[in-house]
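2 protein chains.
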Amino acid sequence: MLPKNVSIVRMTDAIAALRQKLGAAAVLYGDEISVRYEVDYSGENRCPPLAVVRPASTDEVAAALAVCNAYGQHVVVQGGMTGLAGGSTPRDGEIALSLERMTGIEDIDTAALTLSALAGTPLEVVQNAARDAGLLFPLDMGARGSCTIGGNIATNAGGNEVIRFGVARNLVLGLEAVLADGTVVSSMNKMLKNNSGYDLKQLFVGTEGTLGVITRAVLRLFPALPSRCTALCGVASFAAALELLNTMQSRLGSSLSAYEVMWAAYFDYVLEVTGLRSPLEARFPLYVLIETEGFEQAADQAQFDDALGDALESDIIADAAIAQSDKDAQHFWEIRDGIGEITPRMYPVIVFDVSVPLDRMEAFVSDVDSALATAYPGITNLVFGHVADNNLHLAVTTGREGDMATICEIVYARVGAHHGAIAAEHGIGTLRLPYLHYSRTPAEISLMRRLKKALDPRGILNAGRVFDASP
Amino acid sequence: MLPKNVSIVRMTDAIAALRQKLGAAAVLYGDEISVRYEVDYSGENRCPPLAVVRPASTDEVAAALAVCNAYGQHVVVQGGMTGLAGGSTPRDGEIALSLERMTGIEDIDTAALTLSALAGTPLEVVQNAARDAGLLFPLDMGARGSCTIGGNIATNAGGNEVIRFGVARNLVLGLEAVLADGTVVSSMNKMLKNNSGYDLKQLFVGTEGTLGVITRAVLRLFPALPSRCTALCGVASFAAALELLNTMQSRLGSSLSAYEVMWAAYFDYVLEVTGLRSPLEARFPLYVLIETEGFEQAADQAQFDDALGDALESDIIADAAIAQSDKDAQHFWEIRDGIGEITPRMYPVIVFDVSVPLDRMEAFVSDVDSALATAYPGITNLVFGHVADNNLHLAVTTGREGDMATICEIVYARVGAHHGAIAAEHGIGTLRLPYLHYSRTPAEISLMRRLKKALDPRGILNAGRVFDASP
Numbered sequence: 015m016l017p018k019n020v021s022i023v024r025m026t027d028a029i030a031a032l033r034q035k036l037g038a039a040a041v042l043y044g045d046e047i048s049v050r051y052e053v054d055y056s057g058e059n060r061c062p063p064l065a066v067v068r069p070a071s072t073d074e075v076a077a078a079l080a081v082c083n084a085y086g087q088h089v090v091v092q093g094g095m096t097g098l099a100g101g102s103t104p105r106d107g108e109i110a111l112s113l114e115r116m117t118g119i120e121d122i123d124t125a126a127l128t129l130s131a132l133a134g135t136p137l138e139v140v141q142n143a144a145r146d147a148g149l150l151f152p153l154d155m156g157a158r159g160s161c162t163i164g165g166n167i168a169t170n171a172g173g174n175e176v177i178r179f180g181v182a183r184n185l186v187l188g189l190e191a192v193l194a195d196g197t198v199v200s201s202m203n204k205m206l207k208n209n210s211g212y213d214l215k216q217l218f219v220g221t222e223g224t225l226g227v228i229t230r231a232v233l234r235l236f237p238a239l240p241s242r243c244t245a246l247c248g249v250a251s252f253a254a255a256l257e258l259l260n261t262m263q264s265r266l267g268s269s270l271s272a273y274e275v276m277w278a279a280y281f282d283y284v285l286e287v288t289g290l291r292s293p294l295e296a297r298f299p300l301y302v303l304i305e306t307e308g309f310e311q312a313a314d315q316a317q318f319d320d321a322l323g324d325a326l327e328s329d330i331i332a333d334a335a336i337a338q339s340d341k342d343a344q345h346f347w348e349i350r351d352g353i354g355e356i357t358p359r360m361y362p363v364i365v366f367d368v369s370v371p372l373d374r375m376e377a378f379v380s381d382v383d384s385a386l387a388t389a390y391p392g393i394t395n396l397v398f399g400h401v402a403d404n405n406l407h408l409a410v411t412t413g414r415e416g417d418m419a420t421i422c423e424i425v426y427a428r429v430g431a432h433h434g435a436i437a438a439e440h441g442i443g444t445l446r447l448p449y450l451h452y453s454r455t456p457a458e459i460s461l462m463r464r465l466k467k468a469l470d471p472r473g474i475l476n477a478g479r480v481f482d483a484s485p
Numbered sequence: 015m016l017p018k019n020v021s022i023v024r025m026t027d028a029i030a031a032l033r034q035k036l037g038a039a040a041v042l043y044g045d046e047i048s049v050r051y052e053v054d055y056s057g058e059n060r061c062p063p064l065a066v067v068r069p070a071s072t073d074e075v076a077a078a079l080a081v082c083n084a085y086g087q088h089v090v091v092q093g094g095m096t097g098l099a100g101g102s103t104p105r106d107g108e109i110a111l112s113l114e115r116m117t118g119i120e121d122i123d124t125a126a127l128t129l130s131a132l133a134g135t136p137l138e139v140v141q142n143a144a145r146d147a148g149l150l151f152p153l154d155m156g157a158r159g160s161c162t163i164g165g166n167i168a169t170n171a172g173g174n175e176v177i178r179f180g181v182a183r184n185l186v187l188g189l190e191a192v193l194a195d196g197t198v199v200s201s202m203n204k205m206l207k208n209n210s211g212y213d214l215k216q217l218f219v220g221t222e223g224t225l226g227v228i229t230r231a232v233l234r235l236f237p238a239l240p241s242r243c244t245a246l247c248g249v250a251s252f253a254a255a256l257e258l259l260n261t262m263q264s265r266l267g268s269s270l271s272a273y274e275v276m277w278a279a280y281f282d283y284v285l286e287v288t289g290l291r292s293p294l295e296a297r298f299p300l301y302v303l304i305e306t307e308g309f310e311q312a313a314d315q316a317q318f319d320d321a322l323g324d325a326l327e328s329d330i331i332a333d334a335a336i337a338q339s340d341k342d343a344q345h346f347w348e349i350r351d352g353i354g355e356i357t358p359r360m361y362p363v364i365v366f367d368v369s370v371p372l373d374r375m376e377a378f379v380s381d382v383d384s385a386l387a388t389a390y391p392g393i394t395n396l397v398f399g400h401v402a403d404n405n406l407h408l409a410v411t412t413g414r415e416g417d418m419a420t421i422c423e424i425v426y427a428r429v430g431a432h433h434g435a436i437a438a439e440h441g442i443g444t445l446r447l448p449y450l451h452y453s454r455t456p457a458e459i460s461l462m463r464r465l466k467k468a469l470d471p472r473g474i475l476n477a478g479r480v481f482d483a484s485p
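These protein sequence lines map, in sequence, to chains A and B. FYI, the numbering for the first sequence is 15 to 485, going by our numbering. FYI, the numbering for the second sequence is 15 to 485, going by our numbering.
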């Protein structure tokens, strides 16, 4: 029994030291800890943290981590708790470090098109600040009201406009982070070109808080894009969907901001559940939602209509509905975003977030379909995704909770066989860690371990996320 | 004397082991080593390597590094030798590892818009392969015929289209690299979205060969851009040049592919030396070369002319010459590229490659001008640069070699004071290492050291480049 007691005493000492260092108000303990610190949006593996540290400045983050590191106290970093991979859900014996008090826009530079913000600032606050300055911060996703910019960067978030503006990594110019031992590394670069030594921010983008805690960021802004053209197309095959993508990229270039493909099973199920009507008369094997954004509605619309007209004439698309109003565009997007409506009806359901090379995508979908049908005749597998950025989502259910583990193995093994990524935009966290080997080699995982050991030798930061650091 | 002998014997052993492992033909020694392995394009600190290892495959790179690591033999990695920072120039006692035998395009995927190539492939070969497939690889610079794609990635090269397509980092999807101990880490990802664990390629992009040797890469391609609009504008002030930039970004969006600013002293000197005529009648404090690339010449030209016409009417620009032919455009670019013509006349000259935040740029240029003039009355300082990506070049000379070190101190100290980068696109190498502290904090340099120690514990790879790894 002694080791257990010793362990409990050490944790209490760490919390006492944190309260002494940061003030009792900055460290929630016992009944002060609300349920919101217990689990991320996945809802899985709920677990209360030992305490919640709420630093108000980078210096306080540094002080808190220095204390935890000295005590070997494990820490889970928390932003808006909107993740879907379990990364910010506490594990047994962890203290939560929440960035919720570190919010605010520090600076908007309308000439250089940059914005600096504290890590706990909600994405929507950043978006609105950019909009109020007549500019655009193009990172966007459903969780915008709750997710934080620090969390977006730590998970290298994707979202709706990746085809045009890239993932979060492409939108970060500078970063400040605190290492596990409390060292502050500030690289608040505002410049597009900078090759003065290692680009250290890359260590903290997409590493899910395992190498350091992001405290501030310099973000790229863009000119606002007032015009928008939207269409929903029916295509006869996946090959046609790919040909259409290439045609639109050649004709519309970087103004193409969305290219969303829905397989018929997904499309039909959404219509059935939501009562939305199809803007196309006939049924098709696949549907594609295309959107461009630009500067002049009339000129952009003419170019858009021309490109689609030519695609119709050359039989790349079978039919197309071009949005004539914002209401039309919203209708098309409601079908695409129907995933939010249908998942409650499908419960228990797994929504996969994978990437597959374009030349493998058709074979991947077909392989997964047949493997799932062989294992579970009558299984539901609804497929849709951003496609142009390789990202596919699959909503899969047999209606039985107990089948989930086998379904994961079936899908992730096929992702691996087709050289895909088991996590496209949601990250690995704890929930996908067991499947990482399908996408990454032992040499790669071993290098991740080497980095982890170099930056967090006591292994206190987000332990047990992304990969197993111990072997 | 003994330590010296011991050292020589160990080096000979390493070379013997390399010849045994890779075959004598793969290891040049003594008279077999031509001068091309002795110095990069900077021409400074020429030094013959002890031997030149020329592996023909990733496995041979791995075998060579494993041998060198076992012997503690220092290695300098060499691509096209077109660098300007001394990074690939051997230092005393180093063996050169040249990627020159590892050339070739492995794969072009015209649906996914990706291209895979071996690291030693010249940039121009990659560009031509993309062009032959009807596509575009947009990384471009003067050294295209000799520089290699591996070197471009290792130095995170910039060039002419950064404002539109980003630096080399943004064009790399996947990478294979060999660590100092011979471990092969292959992450040949072809997908835009992939958050399955750490993005390990970031360790090798822009770290100038200090953390590993790049052996293969997956690159992003883009649709070809057949149309081009070019103009040369005269503006009355730097503030006007910035306003013009913002106007063009809002009006022309991501089709803007070049925004090159020339200060009058540079412009006038180029005309004087080259005999080129100005396309504008009057003289102006600054000149701006603007270029867009797109898909339809007529529509693009109309939009381009409109945007410039409005800028003229609202007095943002004082005068503009719009290219009416390829010959006109070439003429405008010859003035911008006049740096190649004028440097031989300015010898001895330093051409700086720095970045400065846009809101500091005007003050930076003025501070440098007055500090240089105070130190050396009558000094020449010609300023021009990509500007929109923060990059400025300064060609500085007093005509005396002996003044160079002081001039560097003056310029780099001002870069530091204005939160700029002492290397924008050319990298640090050995030549800028003494000035790194002007752009990076001790905490940042210490973290670089931590990474170096984790990935190359014996310090055999490109030692003495980027930062001092020893303290």
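Note that CB positions come from ideal geometry on N, CA and C, so glycine has one too.
Under the DSSP definition of a beta bridge, Ala409(B) partners with Val365(B) and Leu396(B). Within the segment 264–288 of chain A, the complete alpha helix (DSSP H) segments at least 4 residues long are 278–288, listed from N- to C-terminus.
For Lys207(B), the number of other beta carbons within 10 angstroms of its own is at least 16, and it is reported as buried. In this chain, Ile459(B) is not harboured by any beta strand (DSSP E); it is covered by the alpha helix (DSSP H) spanning Pro456 to Leu469.
For Ile353(B), the enclosing alpha helix (DSSP H) begins and ends at Ile353 to Met360. When Gly441(A), Pro456(A), Ile436(A) and Ser460(A) are compared, the shortest CA-CA separation from Tyr449(A) is found for Ile436(A). Counted as a single uninterrupted DSSP element, the alpha helix (DSSP H) harbouring Ser380(A) occupies residues Leu372 to Ala389.
Counting the other CB atoms within 10 Å of its CB gives Tyr280(B) a total of 16 or more, which places it among the buried residues. In the DSSP assignment, Ile109(B) falls within the unbroken beta strand (DSSP E) covering Ile109 to Ser112. For Glu423(B), no beta strand (DSSP E) run applies; the uninterrupted alpha helix (DSSP H) run containing it begins and ends at Met418 to Ala431, by DSSP. With fewer than 16 other beta carbons inside 10 angstroms of its own, Arg414(B) counts as exposed. By the neighbour-count definition (other C-beta atoms within 10 Å, threshold 16), Tyr361(A) is an exposed residue. Rounded to whole angstroms, the separation of the alpha carbons of Arg242(B) and Phe366(A) is 43 Å. By the 16-neighbour rule on beta-carbons within 10 angstroms, Glu305(A) is buried.
Gly107(B) has its alpha-carbon roughly 28 Å from the corresponding atom of Pro136(B). Between the segment 225–236 of chain B and the segment 178–197 of chain B there are three or more inter-stretch CB-CB distances shorter than 8 Å, so the stretches are counted as touching. By the rule that beta-carbons nearer than 8 Å mark a contact, Ile364(A) does not touch chain B. Relative to the Cα of Phe179(A), the nearest Cα in the group Lys204(A), Gly354(A), Phe151(A) and Leu259(A) belongs to Phe151(A). For Gln263(B), at least one C-beta of chain A is nearer than 8 Å to its own C-beta. Linking Gly93(A) to Ala80(A) through their CA atoms gives a straight-line distance of about 20 Å.
Secondary structure of Thr72(B) (DSSP, three-state): helix. Gly165(A) sits in a helix when the DSSP states are folded into three classes. The residue from His440(A), Arg463(A) and Asn476(A) with its alpha-carbon nearest to that of Leu98(A) is His440(A). For Gln216(A), the nearest beta carbon of chain B is closer than 8 Å to its own beta carbon.
As computed with DSSP, Leu475(B) is found in a beta bridge with Val89(B). The segment 122–173 of chain A is shown to contain whole alpha helix (DSSP H) runs of 4 or more residues at 137–146 and 163–168, in chain order.
By the rule that beta-carbons nearer than 8 Å mark a contact, Met95(A) does not touch chain B. In the DSSP secondary-structure assignment, Val49(A) is not bridged to any residue. DSSP lists Val232(A) as the beta-bridge partner residues of Gly188(A).
Pairing Tyr390(B) with Glu423(B), the inter-Cα distance amounts to about 13 Å.
For Arg115(B), same chain residues with a beta-carbon under 6 Å away, outside a window of 5 residues either side, are Arg68 and Ala70 in chain order. Val480(A) and Leu445(A) have their C-alpha atoms some 9 Å from each other. In this structure, Val370(B) is the residue among Ile356(B), Val370(B), Asp470(B) and Arg291(B) with its C-alpha nearest to the C-alpha of Met202(A).
Where Gly441(B) is concerned, there is no enclosing beta strand (DSSP E), because DSSP gives it neither an H nor an E.
Membership of Glu307(B) in the beta strand (DSSP E) is indicated by the continuous run Leu300 to Gly308.
Here DSSP, grouped into helix, strand and coil, assigns Thr244(B) to strand.
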